[in-house]
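> Position in the sequence shown (from 1) plus 62 gives the number in our numbering.
I have a structure here, written as structure tokens, and I will follow up with some questions on it.
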Amino acid sequence: MPLTLVQFEYAWEIHAYMRLAGIYYEEENSTYPTSKVGGKLPFLKDNCYVVPEDCALSYLMKNYTNLDLDFSEAERSEISIMTYLLHSVGDAIYRKRRWGNYSTMKSVLHKLYTPTYGAFNAYLYGVENYMEYTRHYSALLKATALKDDEMLGVLESLYACLNSRFAAQKEPDFVYGYRPSSLDAALFAHIAQIQEVPSTLQHIIDSYPELMRFYERILDAYFVHNRSEAESKPSTNCFVQDMHVQESNPRGCYITRKEPYEKEEEEPEQTEEQIYEKQMEKQSAQQLKWKIALSAGVLVLGIGTYMYL
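This is the structure:
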């Protein structure tokens, strides 16, 4: 049995990671947001294993392909920090604006949920999400001691940083040039969700054209590029039916790495000096990681202080 992604809403980030990594999988669409087998959707089924959404990417990295393996320690630290900000701040603001605003929630339910699931079930689902994400957003504000506009300032600073990185590259296929990473999957998924409900953050992200070009490149290359092929199969997920999104295709013409993984070779015995040098390099990389994390914290604090003044 092949790897299977079971979903209710379209699981953009998991889809993007597997396609960037070249992992073939099947998708299974459910008419309910929960399942007796795996609980809350989405989740992965891999033979006898059921992997929940929170563990899906780490499971794929460990058991299939780790997109971040080729990067340096400093680059992996950057990937980790920016992905964390997208997952925490970006997702919190998006979810709050999608479900926390009554008029937006009403239009989302009418457009995306009511035609398929009926008005009553759609309303119950909307109320459940409103309560969940409002509680989550309030907890995040309390934990970070930031206000709404300060949270948005942090997200816009991240947008500006990524937009500048793309603009500075000659061939900006991905955040780090020609090599995809888990950050690319997270960023693409974040922008793709905004396209579903443009009233959330579309007016802000439109100010960063390189991010929109990145989204369109990934969408065309990995999701809709093979729609003219005879063996291509459109996704049956009702949330993306108007986008011509295709299911995973083992013969699809995906963008591949220009530099494949290096094969591990047996290392010769090392002298004490070589061992010491490696230990010092590892220590320096760890110190650099902490400096990057500290700089990110100072940036967030600075933005908050500036906006408060």
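We treat Cβ as the ideally placed atom computed from N, Cα and C, and that holds for glycine.
Treat the numbers as computed from the prediction; the structure is a model and nothing was measured.
Return the CA-CA distance between R197 and R241, expressed in angstroms with no decimal places.
Your numbering for residue 197 matches position 135 in the sequence shown. Your numbering for residue 241 matches position 179 in the sequence shown. Each residue's Cα considered, the two are about 37 Å apart.
> Cutting at 6 Å between CB atoms, please list the residues of its own chain near L65, excluding the five before and the five after it.
Residue mapping note: residue 65 aligns to position 3 of the sequence shown, counting from 1. Answer for L65: Y87, D108, listed in chain order.
> According to the Cβ coordinates, are T145 and L245 closer than 8 Å?
One-based indexing of the sequence shown puts residue 145 at position 83. One-based indexing of the sequence shown puts residue 245 at position 183. Their beta carbons are under 8 Å apart, which means T145 touches L245 by this criterion.
> Between the beta-carbon of I155 and the beta-carbon of L263, is there less than 8 Å?
Reading the sequence shown from its first residue, position 93 is the one you call residue 155. Reading the sequence shown from its first residue, position 201 is the one you call residue 263. Taking 8 Å as the Cβ cut-off, I155 and L263 qualify as a contacting pair.
> What does D108 pair with, by DSSP beta-bridge criteria?
For the purposes of this step, residue 108 is identified with residue 46 of the sequence shown, where counting begins at 1. Answer is Y111, bridged to D108.
> Could you tell me which residues DSSP puts in a beta bridge with V68?
The sequence position of residue 68 within the sequence shown is 6, counting from 1. Paired residues: E90, F105.
> Secondary structure at Y156, three-state DSSP: helix, strand or coil?
The count along the sequence shown starts at 1 and reaches residue 156 at position 94. Under the three-state reduction of DSSP output, Y156 falls in the helix class.
> Distance check for A248 and A222, CA to CA, integer angstroms please.
On the sequence shown, position 160 is the one that residue 222 refers to. On the sequence shown, position 186 is the one that residue 248 refers to. Cα to Cα, the separation comes out at about 16 Å.
> Candidates E339, R275, I256, E115: which alpha carbon is nearest R160's?
Here residue 160 corresponds to residue number 98 of the sequence shown, with the count starting at 1. Ranking the options by Cα distance to R160, first place goes to I256.
> With burial defined as no fewer than 16 other Cβ atoms inside 10 Å of the residue's Cβ, what is the status of D211: buried or exposed?
Position 149 of the sequence shown holds residue 211. Looking at its Cβ environment, which holds fewer than 16 other Cβ atoms inside 10 Å, D211 is exposed.
> Which residues bound the alpha helix (DSSP H) around H265?
Residue mapping note: residue 265 aligns to position 203 of the sequence shown, counting from 1. Looking at the DSSP string, the run of the alpha helix (DSSP H) that includes H265 is 264-267.
> Since D268 and M274 should fall inside the 8 Å C-beta cutoff, what is the C-beta to C-beta distance between them, to a whole number of angstroms?
Numbered from its first residue, the sequence shown carries residue 268 at position 206. Numbered from its first residue, the sequence shown carries residue 274 at position 212. Between M274 and D268 the Cβ distance is about 7 Å, and since that is below 8 Å, they are a contact.
> Return helix, strand or coil for F228, following the three-state DSSP convention.
In the sequence shown, residue 228 corresponds to position 166, counting from 1. Three-state result, F228: helix.
> Where does Y270 land, buried or exposed, given buried means 16+ other C-beta within 10 angstroms?
Counted from its first residue, the sequence shown places residue 270 at position 208. Classification for Y270: buried.
> Just to confirm, is the Cβ distance from Y121 to V113 under 8 Å?
Stepping through the sequence shown from its first residue, residue 121 is reached at position 59. Stepping through the sequence shown from its first residue, residue 113 is reached at position 51. Against a cut-off of 8 Å, the Cβ pair of V113 and Y121 comes out as a contact.
> If you measure between the beta carbons of K236 and A78, is that distance less than 8 Å?
Working through the sequence shown from its first residue, we reach residue 236 at position 174. Working through the sequence shown from its first residue, we reach residue 78 at position 16. In the sequence as presented, Lys is not what sits at residue 236; that position holds Phe. It is not a contact, given that the beta carbons lie outside the stated cut-off.
> Assign S97 to one of three DSSP states: helix, strand, or coil.
As a working note, residue 97 is residue 35 in the sequence shown. Reduced to three states, the DSSP call for S97 is strand.
> Spatial neighbours of T96 within its chain, please: C-beta separation below 7 Å, excluding the five flanking residues on both sides.
On the sequence shown, residue 96 is found 34 positions in, with the first residue counted as 1. Around T96: K102, L103.
> Skipping 5 residues on each side, what residues in its chain have a beta carbon closer than 7 Å to that of I266?
Looking up residue 266 in the sequence shown gives position 204. E218, listed in sequence order.
> In whole angstroms, what is the alpha-carbon distance linking E135 and K209?
Sequence index remark: in the sequence shown, residue 135 carries index 73 (1-based). Sequence index remark: in the sequence shown, residue 209 carries index 147 (1-based). The straight-line gap from Cα to Cα measures roughly 33 Å.
> Return the Cβ separation of E89 and E309 in integer angstroms, given the expectation that the two are a contact with Cβ distance under 8 Å.
The residue labelled residue 89 in the question sits at position 27 within the sequence shown. The residue labelled residue 309 in the question sits at position 247 within the sequence shown. Right, the Cβ-Cβ distance comes to about 6 Å (below 8 Å), so this counts as a contact.
> Report the rounded CA-to-CA distance for I85 versus L224, giving the unit in angstroms.
If you number the sequence shown from 1, residue 85 lands on position 23. If you number the sequence shown from 1, residue 224 lands on position 162. Using only the alpha carbons, I get a separation of about 26 Å.
> Could you spell out the range, first to last residue, of the alpha helix (DSSP H) harbouring K168?
If you number the sequence shown from 1, residue 168 lands on position 106. Element bounds for K168: 164-170.
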